[in-house]
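One structure below.
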Amino acid sequence: MERELIVTGVGGQGIQLLAKTLALAATREGRYAMLAADYGGEMRGGPSKAGVVVGDAPLRALPILPSAWSAIFAHHRFAEGVQDRVRTGGIVVANTPLVDPDGFRADLRVFEVDAMGTAKAVEAPQASGFVLLGAYNALTAMVEPASLTAAMEELLPPYRRQHAPANARAIEAGAAAVAGVAA
Numbered sequence: 001m002e003r004e005l006i007v008t009g010v011g012g013q014g015i016q017l018l019a020k021t022l023a024l025a026a027t028r029e030g031r032y033a034m035l036a037a038d039y040g041g042e043m044r045g046g047p048s049k050a051g052v053v054v055g056d057a058p059l060r061a062l063p064i065l066p067s068a069w070s071a072i073f074a075h076h077r078f079a080e081g082v083q084d085r086v087r088t089g090g091i092v093v094a095n096t097p098l099v100d101p102d103g104f105r106a107d108l109r110v111f112e113v114d115a116m117g118t119a120k121a122v123e124a125p126q127a128s129g130f131v132l133l134g135a136y137n138a139l140t141a142m143v144e145p146a147s148l149t150a151a152m153e154e155l156l157p158p159y160r161r162q163h164a165p166a167n168a169r170a171i172e173a174g175a176a177a178v179a180g181v182a183a
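Take 1 as the starting number for the sequence shown in UniProt numbering and just add one per residue.
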């Protein structure tokens with residue numbers, strides 16, 4: 001199995017951290033993973049994209065992805081062209097209401113997640129990216145949920161460690177948001 005993910009959004013949504021979390025969780029489970037980051041110099045508001053490839057054997061796909069099995073759209077800004085790179089039947093997690101789910105091709109499997117509302121509901125208002133990651137992982141079973149939480153905790157810099165419990169709640173809430181939905 002080799003699966004590709006493109007994550008797109010704006011700086012400040014946690015795009016790079018959620019991509020790194022997935023890649024680290026996969027490697028900690030003994031799988032192969034590669035990550036590519038693409039972002040502007042701004043800390044907030046600029047373009048932020050990441051490519052993650054996860055596989056059970058040494059990887060053939062580069063994380064610079066001309067096509068992908070799946071995508072997470074955290075924001076509509078800077079997302080141009082990403083939809084065109086998702087292969088037919090691909091899984092798309094769309095952060096509503098920032099991303100219009102009706103704007104996607106009919107041949108994609110689009111799952112709506114109100115990441116900001118869900119994050120606020122679990123008292124983790126700055127963790128909408130982790131809500132999206134939790135939903136994506138629940139739909140794809142890419143890694144064990146506990147692996148995501150452990151990787152997130154490992155990746156948080158010391159000055160952000162106080163956010164680990166809220167981020168963990170966000171990951172769980174994202175999974176719950178798509179519970180019972182078949183991908």
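Cβ atoms here follow ideal geometry from the backbone N, Cα and C, with glycine treated the same way.
Alpha helix (DSSP H) segment containing residue i, residue limits
i	result
residue 156	Counting along the chain, residue 156 falls outside any alpha helix (DSSP H), and DSSP gives it neither H nor E.
residue 127	No alpha helix (DSSP H) contains residue 127, which DSSP labels as neither H nor E.
residue 171	164-177
Heavy atom of the ligand PLP within 8 Å of residue i beta-carbon
i	result
residue 58	This structure lacks the ligand PLP, and indeed carries no ligand of any kind.
Boundaries of the beta strand (DSSP E) in which residue i is found, first to last residue
i	result
residue 191	An answer regarding residue 191 cannot be provided, because it is not within the stretch 1 to 183 covered by the chain.
residue 3	2-10
residue 47	47-55
residue 72	68-73
residue 34	32-39
Exposed unless 16 or more other CB atoms sit within 10 angstroms - verdict on residue i
i	result
residue 8	buried
residue 103	exposed
residue 62	exposed
residue 171	buried
residue 44	exposed
Under the three-state DSSP convention, the category residue i falls into
i	result
residue 132	helix
residue 148	helix
residue 117	helix
residue 182	coil
residue 138	helix
Option nearest residue i by Cα separation, candidates the options
i	options	result
residue 55	28, 49 and 158	28
residue 87	6, 126 and 38	6
residue 24	59, 158, 150 and 178	150
residue 192	21, 76 and 33	Past the edges of the chain, shown from 1 to 183, lies residue 192, and the structure says nothing about it.
residue 105	81, 96, 120 and 124	81
residue 46	145, 158 and 76	76
residue 177	130, 155, 143 and 159	130
residue 84	99, 10, 71 and 132	71
residue 2	175, 123, 142 and 146	142
residue 184	57, 121, 14 and 74	Nothing about residue 184 can be reported from this structure: the residues present for the chain run from 1 to 183 only.
Kindly provide the ranges of any beta strand (DSSP E) runs that are 3 or more residues long and lie completely inside the segment 77-115, ordered along the chain. Entirely contained in the segment 77-115, the beta strand (DSSP E) runs reaching 3 residues are, in chain order, 86-95 and 109-113.
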